[in-house]
Amino acid sequence: MSVMTEDSLSGASYRHGGGWWDGPRRSGGYRVQQPDHWIFTETGLARGDALGRQSWPPLAGYECDGVPLDVFDAGHGALLSIWADEDGTPDGYALLAAARLGPDWQEFPARARHAAGEGIHTAAMGLFTRNGTVFSAGTTDWAQVLDAGRDRQLERVTRNVLDGLLRR
Numbered sequence: 001m002s003v004m005t006e007d008s009l010s011g012a013s014y015r016h017g018g019g020w021w022d023g024p025r026r027s028g029g030y031r032v033q034q035p036d037h038w039i040f041t042e043t044g045l046a047r048g049d050a051l052g053r054q055s056w057p058p059l060a061g062y063e064c065d066g067v068p069l070d071v072f073d074a075g076h077g078a079l080l081s082i083w084a085d086e087d088g089t090p091d092g093y094a095l096l097a098a099a100r101l102g103p104d105w106q107e108f109p110a111r112a113r114h115a116a117g118e119g120i121h122t123a124a125m126g127l128f129t130r131n132g133t134v135f136s137a138g139t140t141d142w143a144q145v146l147d148a149g150r151d152r153q154l155e156r157v158t159r160n161v162l163d164g165l166l167r168r
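Each residue of the sequence shown is one higher than the one before, starting from 1 at the first, in UniProt numbering.
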């Protein structure tokens with residue numbers, strides 16, 4: 001019997017993300033990886049720009065889901081791990097943006113190739129299609145930031161996601 005991971009359903013997993021429960025979190029935003037994707041239409045965001053950088057609460061919520069990455073560089077981008085598919089990341093998963101979780105985060109779970117606290121942990125925003133289209137923001141606080149009404153780019157991304165999924 002094969003076990004399906006949360007990665008195979010949403011594209012991301014807490015195992016590649018992390019948690020922060022005590023004290024205020026810093027806001028660094030999600031670094032855009034694919035600015036030409038339809039999700040970023042009319043946002044003005046370029047590769048490496050940080051979506052939600054100034055948001056409060058921070059867009060990278062107290063719990064985040066990420067994807068297995070081999071490289072994460074704010075200026076040059078992120079690279080999905082060569083073993084991402086073995087961990088359940090769906091074929092065709094598009095990493096649209098990611099927020100690297102810094103060393104001050106309180107929990108970095110263990111996973112197949114890394115002990116707890118090792119490797120690159122992120123909040124990942126991505127999309128894939130398999131019998132339907134799945135968008136995953138990888139954060140618990142998307143709705144709170146949206147409700148605050150102070151981040152026009154996040155509002156536009158949300159509108160693009162809703163409009164794009166309705167057309168599919």
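Glycine included, C-beta positions come from ideal geometry on N, C-alpha and C.
Just so it is clear, the structure is predicted and the values come from calculations on it, not from any experiment.
Got a sec, what are the start and stop residues for the alpha helix (DSSP H) residue i sits in?
i, result
"residue 164", "152-167"
"residue 148", "142-148"
"residue 6", "6-10"
DSSP on residue i, reduced to helix/strand/coil?
i, result
"residue 107", "strand"
"residue 27", "coil"
"residue 45", "coil"
"residue 78", "strand"
"residue 84", "helix"
Nearest-angstrom Cα distance between residue i and residue j?
i, j, result
"residue 149", "residue 59", "13 Å"
"residue 80", "residue 33", "11 Å"
"residue 129", "residue 136", "12 Å"
"residue 161", "residue 39", "6 Å"
"residue 65", "residue 120", "12 Å"
"residue 16", "residue 122", "6 Å"
"residue 91", "residue 24", "36 Å"
"residue 4", "residue 18", "20 Å"
"residue 155", "residue 164", "14 Å"
"residue 87", "residue 6", "10 Å"
"residue 41", "residue 113", "36 Å"
Per DSSP, which one or two residues make a beta bridge with residue i?
i, result
"residue 97", "32, 125"
"residue 89", "In DSSP, residue 89 forms no bridge with anything."
"residue 50", "31"
"residue 66", "13"
If you count every other CB in all the chains shown that lies within 10 Å of the CB of residue i, and 16 or more means buried, which is it?
i, result
"residue 105", "buried"
"residue 142", "buried"
"residue 22", "exposed"
"residue 83", "exposed"
"residue 68", "buried"
"residue 110", "exposed"
"residue 138", "buried"
"residue 73", "exposed"
"residue 166", "exposed"
"residue 44", "exposed"
At which residues does the beta strand (DSSP E) containing residue i begin and terminate?
i, result
"residue 71", "69-73"
"residue 59", "Premise fails: residue 59 is in no beta strand (DSSP E) and is neither H nor E."
"residue 19", "13-19"
"residue 135", "133-136"
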